Amino acid sequence: MSRIIVKNLPQKVCDEDLREFFSSKGEITDVQLKFKDGVFRRFAFIGFKTETEAQNAMNYFNNTFFGSSKLKIVMCAALGDVNKPRAWRKREKEKKKEIPVEDEEFEELKKDPQFAEFLDVNTKRSAKSMCANETGNLLEANDDVNEDEDEDVSMSKAQVKEKPKKLSDFEYLQSKMVGKVKKEAVRGDDKFTIVLRNLPYNVKKNEIKHFLLPSKPFSLRVPPKIKGLAYASFKSDDEMKLALHKAKSFLHGNQIEVTIHGAREKPASFPHAKVRFANWEKSAIDLENAEAIAESGRIFIRNLSYTMTEDVLRDFFSGYGPLAEVNLPIDKFTLKNKGIGFVTFVFPEHAAKAYSELDGKILEGRIIHLLPSKVKADEVQIEDKSFKEQKNLKEKSQSGSGHNWNTLFLGTNAVANAMVEHSVAVRMALGETQLVNETRKFLEKNGVHLAAFDGKSTVERSDTTILVKNLPAGVSKTELDTLFSRHGTLKRIVQPPAGITAIVEFLAPSHARTAFKNLAYSKFHALPLYLEWAPVGTFKKEQIEMEKQKDDETEVKIDDDDESDDEPEEDTTLFVTNLNFETTDEILRRHMSKCGRVHSATISTKSNVKKSGEILSLGFGFVQYKTKKDANKALEQLQNTSLDGHTLQLKRSNKKTKSSLQTTRKKTQKTKQTSNKILVRNIPFQAHKSEVEKLFSTFGGLTNIRLPAKTFSDHHRGFGFVEFASRQDAKRAFDALSSSTHLYGRRLMLEWALNEGGPEGSAQELRRKTVHQFQPSAAKRRKMETVLDEMRMSSHEDDTFA
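Under full-length UniProt numbering, the first residue of the sequence shown carries the number 1, and numbering increases by one thereafter.
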């Protein structure tokens, strides 16, 4: 536990003194001094951030002095802990209160023999029989009385009360003799009685007693004709309050309602009840409409520490099942959480188990309280809306999905407004290309890591950074700040000069989620906003000045690598085992490059089942060299060498891993230049050859442009080949137009074309792929031949009979 109890404190002490005194051993999250009727009880509760800090504080400060008082410190137990020591002093005090002090005057009278004779004569026939009868009837009324109760106390002479001054001797003696009857009547009072509702129909009394632990009911009554209801009486108010903590707990799958007997009727009995409880009417309606935790799977948490984070809360609850959502509201002014939170489980039964076991537990030094949370409002009913409204609502509901995200998306209308002087489709595409390149350079200059955006939708996304797209031309950073700051505190806004896309980063994840939910596909200057969660690692940590100094060197190195990036020879792949799990691809590449040029170095990995998004190494990998000579040299010289404390084992491999094939294919399509000819896909059918030529001629001289035409038609088939005079011009055009260039609203898809057999080589390859796609399999061909043979035989028989 991260919460301690400090006893024997001085009478005059305050929160600040205790916080300052104990803060040397850790971060304090809570300090509570206990008072009763305005008098300090000389003990306090102190909560620490972690359990280790609380343990260190107890070991260090126990039996030390605070002022002139010697402290006694123990660990605090959770609410409802059966092992928690009971307050025996309080029970003794209650017993003493039930036993009145003996009257000295009555003791003196008992010594007089005449008074004893008088007492015997006046109580034998009437008072004694009456007392016995009434006592017997009252004892029958109490069902299932606690067996631990001492019956001798109720029969003791110590129950005699003080003598009233205005009573006769006979009346006084009668009142003393019926003292037992009055004591038993107090037992049947409903002062400390609770009502348990929604009990299982077949529940037993022993199960109810076990449910109410650690409090023990004095009396437990289950009406035989009313199902799901029980009454439990206690001897003190403290025991009754302890039993009330069981409200909303589960017993055999039923959520039990525990209330004070008569509490439902009390507010109505007061004439000003409506005025007194007016502020709680809305909350009561919300709680009535709230679903049970076993159905919704959503829990409301309060009394959290103000330093709590979503990661800590997720780790605390994830032990009971997978979580769908963790929400920790943040105050806009202090930027700290409000002390409350929400947790939604994927499976509601996991939420019910967590609710039953974690309510009253200690988290970061505070006793948390769990309650059923009101379920989120259902999606808006769209059946009665128009098609356009239905489409907008559907797009807004899918705003959090990554299947329709495009990092460098630029709205067509925004490009048109930015390039208003250009009206031709080609100039429109060139303008878009120019803006994309300017945007790319600006983002890189401002520390944005564009390589993080190249992954698919499975890439881990940031929970504080949002990519804003489809902005109107001319939008200023001030307008964006006004638009997003209303949902939380912003850390930064990065906006290129064109102003048609931006990156917004929040300080708190909850503020970012609120902004994303409210602004996705919302209208901004008559255009819908397209929002996307940016990948983790969007902003670089390196200094911008260092990147500027290395720009020229990096460009030269990339060009040299591209020119010398030839295909590796056959049988050049080595299988490397016994790798350290912390070894990365780059470390393995540097180690293996001692014997020659390495084409690829890949360590096989797998996803961590326990932590989503984490990648684990399998301890082996594949290294492919450029030449067979280098591979043989590495196999001899690097065998049994040490890397990160592990001895490497090398073997020759004849096949590549799946990750290597995927990396090579992606590199061949996007970055590896194989010729000076580019294959252009997704060309609009209304685009002419002259427009394609004008678009690509901007980047260098062209030697050939060919758009294959459809059969028996003059229209092209939606793809074409563009050949440049030099490889440098082709690479410049590929880099500029492959990011996000649209022609007549369609994005152009560029690939490096094969250069075998001249210009016709790529067309032949496409024809071969098309024939292979539509050509039937061998089984279908055999079936077709069988059918044709049968048709020929039947036609031959018809000719014979004719």
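Glycine included, C-beta positions come from ideal geometry on N, C-alpha and C.
Small disclaimer: the values here were computed from a predicted structure and weren't measured.
So residue i is in the alpha helix (DSSP H); what residue range does that whole segment cover?
i: residue 628; result: 628-637
i: residue 587; result: 585-592
i: residue 350; result: 348-358
i: residue 390; result: 387-397
i: residue 536; result: Here residue 536 belongs to no alpha helix (DSSP H), and DSSP marks it neither H nor E.
i: residue 678; result: Not the alpha helix (DSSP H): residue 678 falls in the beta strand (DSSP E), residues 677-681.
How is residue i classed by DSSP in three states: helix, strand or coil?
i: residue 331; result: coil
i: residue 413; result: helix
i: residue 310; result: helix
i: residue 702; result: strand
i: residue 338; result: coil
i: residue 720; result: strand
i: residue 294; result: helix
i: residue 23; result: helix
i: residue 368; result: coil
i: residue 463; result: strand
i: residue 178; result: Its pLDDT being 48, under 50, residue 178 is placed unreliably by the model, and nothing is read from it.
i: residue 609; result: coil
i: residue 146; result: In this prediction, residue 146 scores a pLDDT of 41, lower than 50, which makes its location untrustworthy; the coordinate-derived value is nonetheless stated afterwards. Residue state, collapsed to three classes: coil.
i: residue 688; result: coil
i: residue 743; result: strand
i: residue 735; result: helix
i: residue 439; result: helix
Sorted by chain position, which residues of the same chain lie with C-beta nearer than 7 angstroms to residue i's C-beta, five sequence neighbours on each side aside?
i: residue 25; result: 53, 56, 57 and 60
i: residue 66; result: 9, 10 and 21
i: residue 699; result: 729, 732, 733 and 736
i: residue 316; result: 363
i: residue 237; result: 192
State the beta-bridge partners of residue i as determined by DSSP.
i: residue 75; result: 4
i: residue 653; result: 573
i: residue 36; result: 39
i: residue 624; result: 573 and 600
i: residue 254; result: 251
i: residue 15; result: Bridge partners of residue 15: none, in fact.
i: residue 528; result: 523
i: residue 501; result: 469
i: residue 709; result: 716
Where do the N-terminal and C-terminal ends of the beta strand (DSSP E) with residue i fall, by residue?
i: residue 495; result: Neither: residue 495 is in no beta strand (DSSP E) and is coded neither H nor E.
i: residue 192; result: First-last for residue 192: undefined, no H or E at that position.
i: residue 482; result: Residue 482 -> not in any beta strand (DSSP E); alpha helix (DSSP H) instead, spanning 477-485.
i: residue 239; result: Counting along the chain, residue 239 falls outside any beta strand (DSSP E), though it belongs to the alpha helix (DSSP H) covering 237-244.
Counting C-beta neighbours from all protein chains within 10 Å, is the total for residue i 16 or more, i.e. buried, or is it exposed?
i: residue 322; result: exposed
i: residue 648; result: buried
i: residue 113; result: exposed
i: residue 16; result: exposed
i: residue 784; result: exposed
i: residue 2; result: buried
i: residue 712; result: exposed
i: residue 534; result: buried
i: residue 482; result: exposed
i: residue 495; result: buried
i: residue 624; result: buried
i: residue 116; result: exposed
Note down, in chain order, each residue of its chain lying with its Cβ closer than 6 angstroms to the Cβ of residue i, except the 5 sequence neighbours on either side.
i: residue 591; result: 643
i: residue 718; result: 683
i: residue 725; result: 701 and 703
i: residue 529; result: 519 and 522
i: residue 693; result: 705
i: residue 27; result: 49
i: residue 72; result: 7 and 8
Who are the near neighbours of residue i in its chain, counting only those whose CB is closer than 8 angstroms to its CB and skipping five residues on each side?
i: residue 581; result: 616, 617 and 619
i: residue 584; result: 603
i: residue 412; result: 742 and 745
i: residue 260; result: 193, 194, 195, 240 and 244
i: residue 357; result: 320
i: residue 752; result: 668, 669, 672, 673, 674, 675, 677, 678, 679 and 734
i: residue 608; result: 614, 615 and 616
i: residue 489; result: 332, 335, 506, 507, 508 and 511
i: residue 70; result: 8, 63 and 64
i: residue 786; result: none
i: residue 578; result: 619, 620, 646, 647, 648 and 649
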